[in-house]
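Peer 1: All residue numbers for the sequence shown refer to the working numbering, where the first residue is 405 and numbers rise by one. Glycine is no exception: its CB is placed at the ideal position from the N, C-alpha and C atoms.
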Amino acid sequence: MAGMVSDWRAHAAESELAKLVEELRPGELNVWLDSATPRLPETVRVNPCRKDVEWTLDLLLQMGATPIDWFTPKGGAFTMPWEKARCGNDRFIENIRALHTSGRITRQEAASMMPVQALEVQPGDRVLDMCAAPGSKTTQIAEALDGSGLVVANEPNPGRANNLVSNVQRSGHLNVVVVRQDGRNFPRVAEPGFDRILVDAPCTGTGTTRKNTDVWATWKPHHGEHMSRLQVGILSRAALLLRPGGTMVYSTCSIDPMENEHVVDQVLERYPWLSLKKVNRAELFPGLNTRPGRTDSTEDCIRVWNDENDGSGFFIAVFTQDEEGQTSARATRAHPRDLDKVPTPISAKPLGKMDLRLGDSIDLQLFSEWGMETHGLTLWRRGQYAHVSIDAIREWLWDSPRLTGKHQLYPGGHWQPLRVLQAGQPVWKIRKERNRFISTGVHGLAERVTNHCLSVDRALAIRLLDGEEPGRSTLTEAFQGQRDGGVLLRCEDEFIPAWLAGKLSLMMTDAEQHILRLKLGLL
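(1) Answer with buried or exposed for residue 911, where buried requires no fewer than 16 other C-beta atoms within 10 angstroms of its C-beta.
(2) Please tell me whether residue 652 and residue 723 are closer than 8 Å, where the distance is taken between their beta carbons.
(3) Can you look up residue 407 in the DSSP assignment and give me helix, strand or coil?
(4) Grouping DSSP H, G and I as helix and E and B as strand, with all else coil, what is residue 751?
(5) Tell me which residues share the same chain as residue 921 and place their Cβ nearer than 7 Å to its Cβ, disregarding the 5 neighbours each side in the sequence.
(6) What whole-angstrom Cβ distance do residue 586 and residue 555 have, given they're in contact under 8 Å?
(7) Residues in the same chain with beta-carbon distance under 8 Å from residue 861, minus the five sequence neighbours each way, listed in chain order, please.
(8) From residue 852 to residue 772, what does the alpha carbon distance come to, in whole angstroms?
(9) Determine the contact status of residue 829 and residue 848, defining contact as a CB-CB distance below 8 Å.
(10) Please report the straight-line C-alpha distance between residue 760 and residue 789, rounded to a whole angstrom.
(11) Can you give me the C-alpha to C-alpha distance between residue 405 and residue 493, rounded to a whole angstrom?
(12) Please report the residue range of the beta strand (DSSP E) in which residue 859 lies.
(13) Can you pull the DSSP bridge partners for residue 778?
(14) So residue 866 and residue 924 are supposed to be a Cβ contact under 8 Å. How far apart are they, rounded?
(15) Kindly indicate which three-state DSSP category residue 558 falls into: helix, strand or coil?
(16) Starting from residue 902, follow the beta strand (DSSP E) in both directions and report where the run begins and ends.
(17) Suppose you measure from the CA of residue 673 to the CA of residue 642; what does that come to, to the nearest Å?
(18) Grab me the residues of residue 579's own chain with a C-beta within less than 8 Å of its C-beta, minus the 5 sequence neighbours each way, in chain order.
(19) Would you kindly work out how many angstroms separate the C-alpha atoms of residue 915 and residue 822, rounded to a whole number?
(20) Whose C-alpha, out of 727, 446, 526 and 907, is nearest the C-alpha of residue 471?
(21) Do residue 835 and residue 593 have their C-beta atoms within less than 8 Å of each other?
(22) Could you work out which residue in 435, 478 and 462 is closest to residue 525 when comparing CA atoms only?
(23) Does the segment 436-454 come into contact with the segment 699-719, if we say contact requires no fewer than three beta-carbon pairs (one atom in each stretch) closer than 8 Å?
(24) Would you tell me roughly how many angstroms separate the C-alpha atoms of residue 409 and residue 438, rounded to the nearest one?
(25) Give every residue of the same chain whose Cβ lies closer than 7 Å to the Cβ of residue 647, excluding the five residues on either side of it in the sequence, and list them in chain order.
(26) Please list the segments of the beta strand (DSSP E) lying wholly inside the segment 786-872, counting only runs of 3 or more residues, in order along the chain.
(27) Report the rounded CA-to-CA distance for residue 845 versus residue 685, giving the unit in angstroms.
(28) By a C-beta neighbour count over all protein chains shown, 10 Å radius and 16 as the cutoff for buried, is residue 703 buried or exposed?
(29) Any idea what DSSP makes of residue 652, helix, strand or coil?
(30) Tell me whether the beta-carbon of residue 530 lies closer than 8 Å to the beta-carbon of residue 832.
(31) In whole angstroms, give me the CA-to-CA distance for residue 454 and residue 604.
(32) Please state whether the Cβ-Cβ distance between residue 570 and residue 608 is less than 8 Å.
(33) Take the Cβ of residue 521 as the centre, count every other Cβ of all protein chains shown within 10 Å, and call the residue buried at 16 or more, exposed below.
(34) Comparing C-alpha positions only, which one of 814, 662, 656 and 614 sits nearest to residue 706?
(35) What is the residue span of the beta strand (DSSP E) that residue 446 lies within?
(36) Alpha carbon to alpha carbon, how far is residue 435 from residue 690?
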């Protein structure tokens, strides 16, 4: 093994990437290589929006978790006592997997938690995550919003967009919209634009050598030049969607100045009403070792190096929109030449069969069937699934008129020109006029349910977890008068989705079953 490590380090030392580091940090290459080749530690972020957050924290601490001190948001972030994907304890592996899959934690590299912390999201903000897949930063933004405001999570690649949807679903947040757009041409939205925008841009990943070893062999200097054109295009469009007074964060997991300081300079030159925020790095990330940008014009940027924090390399720039005399983003306003013209109304294309649409009066009966208080909630429908989001998504992205660049006006009542994949969370699956709660909907909405919610004892919950399907006639009187279909069982403050017909069947994911077994002391 020692020989393999030595050979690998020798290979890294001769790479083009090592030459870049020697250029950026003369005489410090060997120090950097010492930290750029070992595997990363396993790090996780806790979802503070779950009611069992304290239980989750206790479980992590029992497994040896130590807090990441510079991560200051609620919930916290932790380093586990093993290398990423190298835990030798099978039970711990199952616990971490179940916590992540059920949305109680997110397995996320520590450095990648920095951009959202730098964005300083406030409850009520409208936030755009321009390059959102796989979704760890999107869920971090949603946690910071604490149920209010909204986040639009964008990913142009279809496969990565599906992965983004999966990660948003496991988190359980009702204030996230997933869209699929080319960031360089992101559509106009209603006034006033976004309060905060995160552009965690596609990059060469030269700071990720500890998890992406291919970088050593594949990176070439011209890659940064090619990538920077894409980065400037995406960041430029984001700048036009940011309202005056708003904040925008640009970040990469690259150490190449061509993808970092060069991109920042290009965008500042193009948009003089943008400026870099003077960030107090020690206050923003207490205890984290950071460096300023490499040039006078980018001194207020933040650089993080692998060897100085036991993590990956990262770059962050925080912009503010300082345009005077305006209240809305440039991409939401009419062009000066059109100010005296009345916009031409245009009609949206009809929604396709599998497009997400606003729920109709029949769909809305789901709320009354389950006896739910619906204040602040909107119901959507796609195929067999009913989704629920907060009203803010409907009010701003569905109801509001939107002006196009050609001075045409979409009147509202549809998503266009956005291509929306998901709004809020899928809550019910509907088949043959019967419906049931699915796991993604339980965490955000079960507390509102007053119908078809039945208390069960520990013994019955254990029988269901063991795979039993007891007949209806063997159950308590409360079950006898229920209609066939989905029910929620409540055991020791836990909600359990199930199906009741001639027998009672559990409808929980494997991850949720593992969590329930832990809480009942069965593991």
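Peer 2: Let me lay it out:
(1) Classification of residue 911: buried, given that the 10 Å Cβ count is 16 or more.
(2) At the C-beta level, residue 652 and residue 723 come within 8 Å of one another.
(3) With a pLDDT of only 45 at residue 407, under the threshold of 50, the placement of this residue in the model should not be trusted, and no figure is reported.
(4) Reduced to three states, the DSSP call for residue 751 is coil.
(5) Result list for residue 921: 869 and 927, in chain order.
(6) In this structure, residue 586 and residue 555 do not form a Cβ contact; the two beta carbons are roughly 19 Å apart against a cut-off of 8 Å.
(7) Excluding residues within five positions, the ones whose Cβ falls inside 8 Å are 895.
(8) So the two alpha carbons sit approximately 11 Å from each other.
(9) Yes, they are a contact pair.
(10) CA-CA distance, residue 760 to residue 789, rounds to 10 Å.
(11) With a pLDDT of 41 at residue 405, under the threshold of 50, the predicted position of this residue should be treated as unreliable, and no value is reported.
(12) 857-859 is the span of the beta strand (DSSP E), which, as asked, contains residue 859.
(13) Paired residues: none, contrary to the question.
(14) Contact holds; Cβ gap of about 7 Å.
(15) Strand.
(16) Residue 902 -> beta strand (DSSP E) spans 898-904.
(17) Taking the straight line from one Cα to the other gives about 15 Å.
(18) Hits under 8 Å: 546, 549, 551, 552, 553, 554, 555, 793, 794, 796, 797 and 828.
(19) For residue 915 and residue 822, the gap between their C-alpha atoms comes out near 33 Å.
(20) Selected option, being the one with the closest Cα: 446.
(21) No, these two residues do not count as a Cβ contact at 8 Å.
(22) The shortest Cα separation from residue 525 among 435, 478 and 462 belongs to 478.
(23) Counting Cβ pairs under 8 Å, three or more are found: they touch.
(24) The predicted position of residue 409 is uncertain, since its pLDDT is 49 and thus under 50; a value taken from the coordinates is nonetheless stated next. The C-alpha of residue 409 lies about 11 Å from the C-alpha of residue 438.
(25) The beta carbon of residue 647 lies closer than 7 Å to those of 596, 597, 598, 599, 725, 732 and 733 in the same chain, with the five residues before and after it left out.
(26) Complete beta strand (DSSP E) runs here, min 3: 789-794, 812-814, 824-827, 829-835, 838-841 and 857-859.
(27) Residue 845 and residue 685 have their C-alpha atoms spaced approximately 39 Å apart.
(28) Classification for residue 703: exposed.
(29) Per DSSP, reduced to three states, the secondary structure at residue 652 is strand.
(30) Not in contact: residue 530 and residue 832 (Cβ atoms no closer than 8 Å).
(31) Each residue's Cα considered, the two are about 26 Å apart.
(32) Not a contact, by the Cβ cut-off of 8 Å.
(33) For residue 521, the number of other beta carbons within 10 angstroms of its own is at least 16, and it is reported as buried.
(34) Of the listed residues, the one whose Cα sits closest to residue 706 is 656.
(35) Per DSSP, residue 446 belongs to the beta strand (DSSP E) from 445-450.
(36) For residue 435 and residue 690, the distance between alpha carbons rounds to 23 Å.
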